[in-house]
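Participant: Mind having a look at this structure? Questions to follow.
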Amino acid sequence: MYNLLMSGNVDEWNVAIGSVNETTFPLARYLEYTEEIIEQRLKPITSETVAFLSQLSTLFMSELQTEANGRQFLRIRVGKVPTISDYEAGLRRVPGEAVAAMEARFNEDERGKLAGMEPL
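The numbering of the sequence shown is my numbering, which starts it at 1 and goes up by one.
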């Protein structure tokens, strides 16, 4: 058994051999396209699940890429996944409009401070 992690971004696995890399994936992608019997054994993510997965060899592979000249290629690395973090489970996404509004408000506060005004 092995792990297979795929990325549409060919540069994701453009890592020098022997070096350490870190990446993130949405939790929704965990076990995607995995046979149901295996999926049932690996959910939920527990310390035992992480310990088991960290022992497996992992193929890190890009999706099929096509260059301008029509040549196709994959980028593949072999390694291990020593840790899995479930930080996304407790977070919710902030819509882009809300981020832009917060950034605008922050900029207004900063301009105000420079002009000697109290923050909004």
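Glycine included, every Cβ here is placed at the ideal spot set by N, Cα and C.
1. Where does Gly90 sit, in a helix, a strand or coil, going by DSSP?
2. Tell me whether Gly79 sits in a helix, a strand or coil according to DSSP, three-state version.
3. Judging by CA-CA distance, which residue of Gly96, Thr46, Ile84 and Gly79 is the nearest neighbour of Gly18?
4. With a threshold of 16 other CB atoms inside 10 Å of the CB of Leu4, please say whether the residue is buried or exposed.
5. How far does the beta strand (DSSP E) with Leu59 in it extend, from its first residue to its last?
Facilitator: The answer reads as follows:
1. Locating residue 90 in the sequence shown gives position 90, counting from the first residue. At Gly90, the pLDDT of 49 sits below 50, so the modelled position is not reliable; the number obtained from the coordinates is stated separately. Residue state, collapsed to three classes: helix.
2. Here residue 79 is taken as the residue at index 79 of the sequence shown, counted from 1. The three-state secondary structure of Gly79, taken from DSSP, is strand.
3. Locating residue 18 in the sequence shown gives position 18, counting from the first residue. Gly18 has its Cα closest to that of Gly79, out of Gly96, Thr46, Ile84 and Gly79.
4. Along the sequence shown, read from residue 1 onward, the residue named residue 4 stands at position 4. For Leu4, the number of other beta carbons within 10 angstroms of its own is below 16, and it is reported as exposed.
5. Translated into positions along the sequence shown, residue 59 becomes position 59. Where Leu59 is concerned, the enclosing beta strand (DSSP E) starts and stops at Thr58 to Ser62.
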